[in-house]
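Residue numbers for the sequence shown follow the working numbering, beginning at 2 and rising by one. Ideal Cβ placement from N, Cα and C applies to all residues, glycine included.
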Amino acid sequence: MSNIVEEFNEYREKMNDAILEDNNKIIKRIFNLDTNAFAEGALDKKTKELLGLVASTVLRCDDCVKYHLEASHKAGLSKQEVVEALSIATLVGGTIVIPHLRRAYEYWDAVEKQA
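Set out below in structure tokens:
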């Protein structure tokens with residue numbers, strides 16, 4: 002059975018390296034902004050990761066959802082906290098989000114098993 006967490010992270014790292022290798026100033030600034038936006042600030046990292054997870058789910062970005070699920074786990078969020086955030090995302094996003102919710106559950110389980 003494949004390890005979906007490892008596969009995702011390897012692909013993400015490989016493609017981010019390829020993108021950044023082109024040395025495009027705008028893309029590099031966007032990557033930097035994204036990194037800094039999720040640093041501790043007035044909102045703690047856990048809250049920011051949950052906000053990112055909800056926005057990513059509503060926007061139906063599976064790669065983004067995976068990233069924020071793993072970052073949420075690393076930040077120490079519990080499954081109960083993540084599921085509550087996903088429930089808000091499903092409420093806001095509507096039933097079209099349900100397939101992404103299924104994949105989010107699958108990925109969270111894989112992240113927990115890998116930890």
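Query, Result
"Straight-line gap, residue 110 to residue 104 (C-alpha atoms, nearest Å)", "10 Å"
"Classification of residue 108 by the beta-carbon crowding that lies within 10 angstroms, buried from 16 upward", "buried"
"Start-to-end residues for the alpha helix (DSSP H) that takes in residue 35", "26-38"
"Residue 44 versus residue 74 - alpha carbon distance", "17 Å"
"Nearest neighbour of residue 71, chosen from 85, 53, 59 [CA to CA]", "53"
"Terminal residues of the alpha helix (DSSP H) in which residue 23 lies", "Here residue 23 belongs to no alpha helix (DSSP H), and DSSP marks it neither H nor E."
"Inter-residue spacing [alpha-carbon to alpha-carbon] between residue 66 and residue 23", "26 Å"
"Simplified DSSP assignment, three categories, for residue 3", "coil"
"With 16 other Cβ atoms within 10 Å as the buried cut-off, status of residue 3", "exposed"
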